[in-house]
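Read through the structure below, which is laid out as structure tokens, and then see the notes.
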Amino acid sequence: MLNETLIAELRSILGDDSRVITEPQVVEQLSKDFYWYSPVLRKQLDGKVGDVVVQPLDAAEIQKILRACFSQNIPVTVRGAGTGNYGQAVPLQGGVVLDLARMDRIESIQPQGVAICQPGARLGMLEVEARKAGWELRCYPSTVVKASVGGFLGGGSGGIGTVANGNLRDFQTVRAIEVVTMEPEPRIVLHEGEAVHEILHAWGTNGVITRTWLALARAVDWSQCVAAFDTFDAAFDFSEQIACGKEWTKRLVTTFEWPIPSFFTPIIKYAPEGKSLIFFLIASTQCAALESAALAAGGTIPYSGAYAGLNMRPLLSDYTWNHTTLWAMRAEEAYTYLQCGFDPDAVRDQMRRLRGKFGFEILFHMEFMKNAAGRIVPGAIPLIYYTTEERLNEMIYFCREIGVFVANPHVNNVEGGGRYRADNVQLLAKQRYDPKGLLNPGKMITFHPESSTAGAVK
Ligand SMILES: Cc1cc2nc3c(=O)[nH]c(=O)nc-3n(C[C@H](O)[C@H](O)[C@H](O)COP(=O)(O)OP(=O)(O)OC[C@H]3O[C@@H](n4cnc5c(N)ncnc54)[C@H](O)[C@@H]3O)c2cc1C
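Pasting the structure below:
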């Protein structure tokens, strides 16, 4: 438990009691994210809570909070909107939850298409503001409406738009990041160019992101379209053809085998019994051509219409990426998921082998993505009918054995989650910026305080 002296110090730093929260129910709520998505993490993380939540308004306040916590060896876990699904924002060792929801300003959309934001800015708001200026997000998670920019950089990877523009960490989408360090005298450090990779996807373990520079894409007038096919093979072939065809301007190509569409209750009228579906966001100028191509390939079009923004219904992206898992879990609690990367040259054989070994314990939900080399590759967030942890691990091992990459969403550390960098730059930054290991402790397991370059700090 925190001592009263620290709480009093936090109150005096913020000069506003309402931004230092100690009410147990609120602290508990702001200590959780979507870790319960994983039956494995649910067991590990239930009951983990911080001691106090503080809500700073700017980097200067964060510097003062971190200085106070550093001097008393108090852990600090940064929180955006808490939509992460690896328990990334769950404090393992109590302490302070640094909730950045109030640092939500979009400072500017620059004429060359770069957005400058505070970390708590909602991605959905940024998309709306960017579109007003003729731009749009290059990629965003399906939690776009709620998720924050800082949380996306700290814990996300990609989503809608990735088929056209790659993942968040690719193609210099993140131009610069400003962080506050966890040192005796916390500094504000700007990371530009390649140096952003020291901070990206480090789960708030090596600095608190206080300002971001994000490159945008030119806005496109989009349409939504659902195509239905009798077999998953036919749906997959067609989706691959559109995803890989350079002539198609698309933002989303998602393929589901039956019975996954049966879980989408609000849009069930667009999910004909037994059919595999593809959800597209396609340039409006190409929508009619896409429909004709789907019909020629033996499909039907249960739905198509103009895209009118994130508040419209139906919003097809609400059923894609990791939202698919959410709909499945609502239908049947036993479902969980994996995050996979298939080999574009062997994907059909890999899927055949998985089906042969695990039958319908694994259901195919594919997401096409542009990789860092510019190639369109089939990613997947397959649904897994969970029985035991051993069986889940068996699936993960088998995937890896047959060349399917797995970013394991059932582990609670940066290294295990699949986006840890082989050049160790995130770890090296932690050694520099958080020598005592107080930022989100326990989440970067290769870090040991004694190996820190600032080891002299006590
Ligand atoms: C239904 C569902 C669908 C999802 N779909 C996608 C998807 O399509 N693509 C995808 O990439 N993710 C997806 N996610 C995961 C998550 O929603 C996104 O990654 C989202 O961008 C996280 O933002 P957040 O503000 O909620 O972050 P949080 O959950 O609050 O934080 C995520 C991590 O970042 C750290 N962090 C937060 N703010 C900062 C900061 N200012 N400085 C340093 N570290 C910080 C936190 O400590 C934590 O480790 C999904 C999750 C759910 C539940």
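So the sequence shown is numbered by our numbering: it starts at 100 and just counts up by one. Ideal Cβ placement from N, Cα and C applies to all residues, glycine included. Computed from a predicted model, the values in this text were never measured in an experiment.
| query | result |
| --- | --- |
| C-beta contact flag for TYR406 and GLN323 at 8 Å | yes |
| DSSP-derived helix/strand/coil call for ALA396 | coil |
| Coarse secondary structure for HIS509, derived from DSSP in three states | coil |
| Boundaries of the beta strand (DSSP E) in which CYS324 is found, first to last residue | 321–328 |
| Outcome for ARG221 when other beta-carbon atoms lying within 10 angstroms are tallied against a minimum of 16 | buried |
| Local Cβ density within 10 Å of GLN124, reported as buried at 16 or more and exposed below that | exposed |
| For TYR485, the residue or residues it bridges with in DSSP | According to DSSP, TYR485 bridges with nothing at all. |
| Strand pairing of HIS239, partner residues [DSSP] | It is Tyr, not His, that sits at residue 239 in the sequence shown. ILE259, per the DSSP bridge assignment. |
| Status (buried if at least 16 other CB within 10 Å, exposed otherwise) for LEU315 | buried |
| Boundaries of the alpha helix (DSSP H) in which MET428 is found, first to last residue | 422–430 |
| Enclosing beta strand (DSSP E) for SER375 [first to last residue] | 375–382 |
| Of the listed residues TYR369, ASN492, GLN143, nearest to ARG412 (C-alpha basis) | TYR369 |
| Backbone secondary structure at PRO365 - three-state DSSP | helix |
| Beta-bridge pairing of PRO477 - partner residues as DSSP gives them | PHE467 |
| Anticipated Cβ contact below 8 Å, LEU199 with PRO174, distance rounded | Not a contact, Cβ separation roughly 16 Å. |
| Residue burial classification, LEU394 (beta-carbon count within 10 angstroms, cutoff 16) | exposed |
| ALA229 classed as buried or exposed, judged by whether at least 16 other C-beta atoms fall within 10 angstroms | buried |
| Which of helix, strand or coil DSSP assigns to PRO548 | helix |
| Those residues which DSSP pairs with ARG310 across a bridge | GLU277 |
| Buried or exposed (CB count within 10 angstroms, at least 16 for buried), LEU545 | In the sequence as presented, Leu is not what sits at residue 545; that position holds Thr. Classification of THR545: exposed, given that the 10 Å Cβ count is below 16. |
| Segments assigned alpha helix (DSSP H), at least 4 residues, entirely inside the stretch 211–235 | 222–231 |
| GLU339, DSSP secondary structure in three states | helix |
| Same chain, Cβ closer than 8 Å to ARG474, five either side skipped, listed in chain order | PRO443 |
| Cβ shell of THR399 (< 6 Å), same chain only, five flanking positions each side left out | ALA327 |
| Closest residue to GLY404 among THR384, GLY233, HIS422, THR419 (Cα-Cα distance) | THR384 |
| Coarse secondary structure for TYR436, derived from DSSP in three states | strand |
| For ILE603: DSSP bridge partner residues | No statement about residue 603 is possible, as the shown extent of the chain runs from 100 to 557 and does not include it. |
| Beta-carbon proximity of THR304 to GLU277, cut-off 8 Å | no |
| GLN162 beta carbon near ligand 1 (any heavy atom closer than 7 Å) | no |
| C-alpha distance - ALA396 paired with PHE337, whole-angstrom precision | 7 Å |
| GLU291: first and last residue of the uninterrupted beta strand (DSSP E) it sits in | 287–291 |
| Residues near ALA555 in its chain [Cβ-Cβ closer than 8 Å; skip 5 each side] | The pLDDT assigned to ALA555 is 36, lower than 50, so where the model puts this residue is not dependable, and the model offers no usable value. |
| Residue closest to ILE480, alpha-carbon to alpha-carbon, out of THR487, VAL505, LEU437 | LEU437 |
| Selection from ASN172, THR182, ALA107 that minimises the alpha carbon distance to LEU129 | THR182 |
| Nearest candidate by alpha-carbon position, reference GLN143, set THR487, GLN530, HIS509, VAL248 | HIS509 |
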